[in-house]
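Below is one structure, written out as structure tokens; comments come after it.
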Amino acid sequence: MTSLFVGACQAPLNGGGTVCTTEFVYGVSATVTDAGTGANITPGSYLVVREGTYVDSVSSMGDFLAAAGERAGTYTVTIGRSGYSSFSQSGVRVTRNECHVNPVMLEARLLRAG
Numbered sequence: 112m113t114s115l116f117v118g119a120c121q122a123p124l125n126g127g128g129t130v131c132t133t134e135f136v137y138g139v140s141a142t143v144t145d146a147g148t149g150a151n152i153t154p155g156s157y158l159v160v161r162e163g164t165y166v167d168s169v170s171s172m173g174d175f176l177a178a179a180g181e182r183a184g185t186y187t188v189t190i191g192r193s194g195y196s197s198f199s200q201s202g203v204r205v206t207r208n209e210c211h212v213n214p215v216m217l218e219a220r221l222l223r224a225g
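Given below as structure tokens:
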């Protein structure tokens, strides 16, 4: 399941230019569940995003994984965890608005290996 969330800009009340927040927005975020039980297994999982020579990877940040901070692009995303088969998806497109990237949220349902 892939969801797209809209970024963090707002128009000022006086009709002037766009006012941007100082929030740092990750381009790709993910949660990870056990495909058999539905349990959240995000803690202890990892996320790798690649586009050409650019590579960003992160281990769990609690209840979600996040990478490609403020970077638009078209990525190949790999999500995994020890003891499970990994998930990979290519063509994950992160776009940009006036202020930030428009984040893409992925949900990976991993099967136990073996």
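Every number in the numbering used here is 111 more than the matching position in the sequence shown, counting from 1. Ideal Cβ positions, reconstructed from N, Cα and C, are used throughout, including at glycine.
- Quick one: grab the DSSP three-state call for A177. strand
- For F198, which three-state DSSP category applies? strand
- Counting only the same chain and skipping the five closest in sequence on each side, list residues whose C-beta sits under 6 Å from that of S168. V159
- Return the first residue and the last residue of the beta strand (DSSP E) that S170 is part of. Y165 to S170
- Item | contact_flag[the segment 141 to 154, the segment 203 to 212] where n(CB pairs < 8 Å) is 3 or more | Contact fails: fewer than three Cβ-Cβ distances are below 8 Å.
- Task: Would you kindly work out how many angstroms separate the C-alpha atoms of Y157 and S193, rounded to a whole number?
- Result: 9 Å
- Please state whether DSSP places I152 in a helix, a strand or coil. coil
- Message: Which same chain residues end up closer than 6 Å to D174 when comparing Cβ atoms and leaving out the 5 residues on each side of it in sequence?
- Response: T153
- Task: Quick one: using the 10 Å Cβ neighbour count with 16 as the cut-off for buried, is L176 buried or exposed?
- Result: buried
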